[in-house]
Amino acid sequence: MAITKSFKELVQQRVANEPVFAEALLREGIDTMLAGDIDTGKAILRDYIKATVGFEKLGEATHTPPKSLIRMFSPRGNPQARNLFGVIGYLQKEAGVEFHVAPRPQ
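Here the sequence shown stands for residues 350 to 455, where the numbers follow our numbering.
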């Protein structure tokens, strides 16, 4: 019988061991939200948060209760722009990256 890992465990392991994968996951979460798929973007960011800083540390850094952050990134969550951008800003800083929105080349 093969021993398998859950998808979430696999993602967490790759984020911990592969900085390029972690950066790509963060970028994908943000890009997905900007493209209009808020629910999928929240799910990606939730997985990223769990695999990196965790909701406790994120709550301390953003002055937001961890339970509120967990709700914000849940399927039924409806984050306010101020809170969402605060989280994204902190995640970028913590990861040592800075993403920019730019127009597509014509």
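From the three backbone atoms N, C-alpha and C, an ideal C-beta is built for every residue, glycine too.
Taking 8 Å as the cut-off, does the stretch 376 to 385 touch the stretch 350 to 366 (at least 3 CB pairs, one atom from each stretch)?
no
Other residues of its chain near VAL446: CB distance less than 6 Å, five sequence neighbours each side excluded
Within the sequence shown, the letter at position 97 stands for residue 446. GLU372, listed in sequence order.
Starting from the Cα of ASN388, find the closest Cα among PHE434, ARG431, MET421 and give me that residue.
On the sequence shown, position 39 is the one that residue 388 refers to. For clarity, residue 388 is Asp in the given sequence; the question names Asn instead. Comparing Cα positions, the closest option is MET421.
Excluding five sequence neighbours on each side, which residues of the same chain lie with their C-beta closer than 8 Å to the C-beta of SER423?
Along the sequence shown, one-based indexing puts residue 423 at 74. Here the set comprises LYS391, ARG395.
C-alpha gap between ALA451 and LEU383, whole angstroms:
For this step, residue 451 is matched to residue 102 along the sequence shown. For this step, residue 383 is matched to residue 34 along the sequence shown. Approximately 12 Å between the Cα atoms of the pair.
Excluding the 5 residues preceding and the 5 following PRO414 in the sequence, name in chain order all residues of the same chain whose CB lies nearer than 8 Å to its CB.
Stepping through the sequence shown from its first residue, residue 414 is reached at position 65. So the list reads GLY408, once near-sequence residues are dropped.
Does DSSP put VAL364 in a helix, a strand or coil?
Taking the sequence shown and counting its residues from 1, one reaches residue 364 at position 15. Here VAL364 sits in helix by DSSP.
Please state whether the Cβ-Cβ distance between LEU404 and ILE393 is less than 8 Å.
Reading the sequence shown from its first residue, position 55 is the one you call residue 404. Reading the sequence shown from its first residue, position 44 is the one you call residue 393. According to the sequence as given, residue 404 is Phe; it is not Leu. No, they are not a contact pair.
Only counting the same chain, and skipping five residues up and downstream in sequence, which positions put a Cβ closer than 7 Å to that of THR353?
Here residue 353 is taken as the residue at index 4 of the sequence shown, counted from 1. Here the set comprises nothing.
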